[in-house]
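Residue numbers (the working numbering): 139 to 520. The C-beta atom is built at its ideal place from N, Cα and C for all residues, glycine as well. Step one of this worksheet: look at the structure below.
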Amino acid sequence: MTAPSSTHTGAPRAGVPQGHTGTAPVLDPLAALRTESDPPTDVYLTGTVFLDIIFTGLDSAPVRGTESWARGMGSSPGGVANMATALARLGLRTSLAAAFGDDMYGEYCWESLSRGEGIDLSLSRTVPGWHSPVTVSMAYEGERTMISHGHEAPPPEEPAPETPPPARACVGLLMPGRQEEWIATAARQGSRVFADVGWDETGRWDPADLADLEHCEAFLPNAEEAMRYTRTDCPRAAARALTDKVPLAVVTMGERGAYAVDGRTGESAEVPAIVVEALDPTGAGDVFVAGFVTGTLAEWPLADRLAFAGLTAALSVQEFGGSLSAPGWVEIAAWWQHVRSFDDQSPATLRRYSFLDEILPEAISPWPLRRALPTLGFRRPS
Numbered sequence: 139m140t141a142p143s144s145t146h147t148g149a150p151r152a153g154v155p156q157g158h159t160g161t162a163p164v165l166d167p168l169a170a171l172r173t174e175s176d177p178p179t180d181v182y183l184t185g186t187v188f189l190d191i192i193f194t195g196l197d198s199a200p201v202r203g204t205e206s207w208a209r210g211m212g213s214s215p216g217g218v219a220n221m222a223t224a225l226a227r228l229g230l231r232t233s234l235a236a237a238f239g240d241d242m243y244g245e246y247c248w249e250s251l252s253r254g255e256g257i258d259l260s261l262s263r264t265v266p267g268w269h270s271p272v273t274v275s276m277a278y279e280g281e282r283t284m285i286s287h288g289h290e291a292p293p294p295e296e297p298a299p300e301t302p303p304p305a306r307a308c309v310g311l312l313m314p315g316r317q318e319e320w321i322a323t324a325a326r327q328g329s330r331v332f333a334d335v336g337w338d339e340t341g342r343w344d345p346a347d348l349a350d351l352e353h354c355e356a357f358l359p360n361a362e363e364a365m366r367y368t369r370t371d372c373p374r375a376a377a378r379a380l381t382d383k384v385p386l387a388v389v390t391m392g393e394r395g396a397y398a399v400d401g402r403t404g405e406s407a408e409v410p411a412i413v414v415e416a417l418d419p420t421g422a423g424d425v426f427v428a429g430f431v432t433g434t435l436a437e438w439p440l441a442d443r444l445a446f447a448g449l450t451a452a453l454s455v456q457e458f459g460g461s462l463s464a465p466g467w468v469e470i471a472a473w474w475q476h477v478r479s480f481d482d483q484s485p486a487t488l489r490r491y492s493f494l495d496e497i498l499p500e501a502i503s504p505w506p507l508r509r510a511l512p513t514l515g516f517r518r519p520s
C-alpha cells in the first residue's frame with residue numbers, strides 16, 4: 139500500500155546514523171555497471187510511512203458484534219516503506235524522503251528502515267507532536283481487509299529541498315489530477331522515472347489526469363487500472379495503448395502474470411504467474427515494481443525483467459505483511475534451489491528462470507523464510 143507524497147526536509151532523528159547503513163546486501167545487481175561518477179543513490183522515492191499491524195490466522199472476516207482471535211500477528215513499516223524495503227533488499231541504494239512521528243511508532247519505523255534495511259533517511263524528518271499513521275491489516279482467505287488512521291504531516295519549518303537528489307532512478311505514485319513537480323525535476327536531472335498509480339476515487343479515469351507520464355520511462359498499472367484509463371477490454375491492448383503516453387508500459391494481470399510493451403522498439407513480453415499459495419497480497423504490487431526497477435537498472439532483457447518482477451511478487455504473497463514479506467536475494471536463491479529439486483513448478487518455469495543461474499548467490503537458507511515479529515518492543519542485540 140502506498141500513499142501520496144509528503145513534504146520532506148528538516149533534521150534527521152538524533153542518534154541514528156545517516157546514509158546507506160545496515161548489513162551489506164548479499165548481492166549488488168549493479169556491481170558490473172558502477173563507476174566513480176555514479177550518483178550515490180540508485181533509487182529515490184517519497185511518500186507516507188505507516189506503522190502496519192498485521193493480524194493473521196483468521197479463518198474468516200470478523201463478524202459484527204463478536205470478538206475474533208487471530209492466531210498470529212506481525213508489525214512493520216508500511217505505506218511507501220513497502221517499496222523502499224523491497225528495493226533495499228534487492229541491493230539497490232535506496233533513499234526515502236518521508237515524515238516520521240516522534241512517537242514510539244515513528245521511532246520503530248525509522249530504526250527498522252535505517253538500521254534494519256540500510257535505507258538512507260537523510261532527506262526524511264521527524265515531526266514533533268505528530269502521531270504516526272497506522273494501518274491494521276487482517277489477512278484471511280488469501281485476501282486482506284485494512285483499517286487506516288492518520289493525518290497529513292504539517293509543513294516543515296525549514297524550506298523543502300527544491301530538487302530530489304541525483305539518482306539513477308525514481309519511483310513515483312501518480313495521483314489522478316495532481317502533478318508532482320519533483321517528478322519533472324528528477325527527469326530533467328537524468329533520473330529514470332518509474333510510475334505506479336493510485337485508484338481513481340473520482341471514477342473519471344481520464345488519461346489527461348496522468349500528465350506526469352510525460353516525464354516517466356515506465357508505467358506499471360494493474361490490468362483494471364490500465365483498461366479503465368485506455369477504454370479497452372483487454373490488458374494487452376491497454377498496454378499497447380499506454381505506449382502513446384509513456385515509452386514502456388507494464389500491466390500486471392494477477393494470477394495471469396504480466397505483459398509489457400516497449401513503445402520505442404516495438405518489443406513485447408508476457409510471462410505467466412508463478413504458482414504459489416497466496417496468504418496475503420499486501421505490498422505485492424510494490425514488490426513487483428521493485429523487481430522490475432532492479433532488472434531495468436541492471437540492463438536485463440525485457441522478458442527477464444518481467445519474469446523477475448513476477449517472481450519477487452509471488453514470493454511476497456506467501457508471507458504476511460507488506461515490507462515484512464519483501465524477498466531478498468537469499469530468499470530468491472533458496473526458491474530457485476527448491477524448484478530445481480522438486481516438481482511443484484512446470485518445466486517451462488525452469489526454462490523461464492534459467493537466467494538466475496548467472497546472477498544468484500548460493501542459497502544459504504532453506505525456503506521459505508519467515509520475517510514477522512509479533513511486537514515492536516523487541517530490540518536488536520547491541
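(Q) For His289 and Val272, which I take to be in contact (beta-carbon distance under 8 Å), what is that distance rounded to the nearest angstrom? (A) About 11 Å; that fails the 8 Å criterion.
(Q) Measuring alpha carbon to alpha carbon, tell me which residue in Thr390, Pro439, Tyr397 is nearest Val425. (A) With distances taken between Cα atoms, Val425 lies closest to Thr390.
Q: Name the two residues that bound the continuous alpha helix (DSSP H) containing Tyr243.
A: 242-249
(Q) Quick check on Val89: buried or exposed, where buried means 16 or more other Cβ atoms within 10 Å of its Cβ? (A) Because the chain here runs from 139 to 520, residue 89 falls outside it and cannot be looked at.
Q | Sequence-distant residues of its chain with Cβ nearer than 6 Å to Cys354 (five each side left out) | A | Val331, Ala333, Val384
Q. Hey, Leu462 and Ser250: beta-carbon distance below 7 Å or not?
A. no
Q. Measuring CA to CA, which of Leu488, Leu183, Pro303, Ala219 is closest to Phe446?
A. Leu488
Q | Backbone CA spacing between Trp343 and Tyr491 [nearest angstrom] | A | Answer to the nearest angstrom: the Cα atoms are 36 Å apart.
Q. Counting pairs of beta carbons, one from the stretch 220-231 and one from the stretch 175-195, are three or more of them closer than 8 Å?
A. yes
Q: Compute the Euclidean distance between the alpha carbons of Thr264 and Leu230, then round it to the nearest angstrom.
A: 24 Å
Q.
Any contact between the stretch 426-433 and the stretch 450-459? By contact I mean 3 or more CB pairs, one from each, below 8 Å.
A. yes
Q. Just how far apart, CA to CA, sit Glu205 and Leu225?
A. 38 Å
Q | Extent of the continuous alpha helix (DSSP H) run through Ala224 | A | 218-227
Q. Alpha carbon to alpha carbon, how far is Glu393 from Ser198?
A. 22 Å
Q.
With a threshold of 8 Å, are at least 3 pairs of Cβ atoms found where one atom belongs to the stretch 233-240 and the other to the stretch 466-482?
A. no
Q | Contact check, Val414 vs Ala398, beta carbons under 7 Å | A | no
Q) Over what stretch of residues does the beta strand (DSSP E) that includes Phe193 continue unbroken? A) 187-194
Q. Which two residues bound the contiguous alpha helix (DSSP H) that contains His287?
A. From DSSP, His287 is part of no alpha helix (DSSP H) but of the beta strand (DSSP E) over 281-287.
Q. Bridge partners of Pro215, per DSSP?
A. Among the bridge pairs identified by DSSP, Pro215 is matched with Leu189.
Q | Cβ neighbour criterion (16 or more within 10 Å) applied to His146 | A | Confidence in His146 is poor, its pLDDT being 35 and thus under 50, which makes the residue's placement unreliable; the coordinate value appears in the next sentence. With 16 or more other CB atoms across the displayed protein chains lying within 10 angstroms of its CB, His146 is buried.
(Q) Using CA atoms only, rank isn't needed, just tell me which of Arg282, Ala307, Asp347 is closest to Asp176. (A) Ala307
**Q.** chain B contact for Gly217 (CB, 7 Å cutoff)
**A.** Checking the listed chains, one finds no chain B in this structure; it contains a single protein chain.
Q. Sorted by chain position, which residues of the same chain lie with C-beta nearer than 6 Å to Asn360's C-beta, five sequence neighbours on each side aside?
A. Thr390
Q: Using the Cα positions of Glu318 and Arg478, report the straight-line distance between them to the nearest angstrom.
A: Using only the alpha carbons, I get a separation of about 45 Å.
Q) Straight-line CA distance for Gly160 to Val201? A) Reliability fails at Gly160, whose pLDDT of 45 lies under 50, so the model's placement of it is uncertain and the value that follows must be treated cautiously. So the two alpha carbons sit approximately 42 Å from each other.
Q. What are the boundary residues of the beta strand (DSSP E) that includes Arg490?
A. Looking at the DSSP string, Arg490 is not in any beta strand (DSSP E); the run it does join, the alpha helix (DSSP H), is 485-490.
Q: Return the CA-CA distance between Arg316 and Leu228, expressed in angstroms with no decimal places.
A: 30 Å
Q) How big is the Cα-Cα spacing for Leu440 and Ala407? A) 7 Å
Q: Return helix, strand or coil for Ser479, following the three-state DSSP convention.
A: coil
Q: Give me whichever residues DSSP pairs with Asp258 in a beta bridge.
A: Ser233
Q.
Is the separation between the beta-carbon of Thr109 and that of Pro167 shorter than 7 Å?
A. The requested residue 109 does not occur in the structure, where the chain is confined to residues 139 to 520.
Q | Minimum C-alpha distance to Ala350 - residue among Pro373, Tyr182, Val335 | A | Residue identity check: residue 350 is Asp in the sequence provided, not Ala. Selected option, being the one with the closest Cα: Val335.
Q) Which value, in whole angstroms, describes the spacing of the CA atoms of Tyr367 and Pro345? A) 6 Å
**Q.** Cα-Cα separation between Gly267 and Ile321, rounded to whole angstroms
**A.** 30 Å
Q: Return the Cβ separation of Ala305 and Val181 in integer angstroms, given the expectation that the two are a contact with Cβ distance under 8 Å.
A: The distance from the Cβ of Ala305 to that of Val181 is about 6 Å, consistent with a contact at the 8 Å cut-off.
Q: For Ile285, count neighbouring C-beta atoms within 10 Å of its own C-beta (all shown protein chains included) and say buried if the count is 16 or more, exposed if not.
A: exposed
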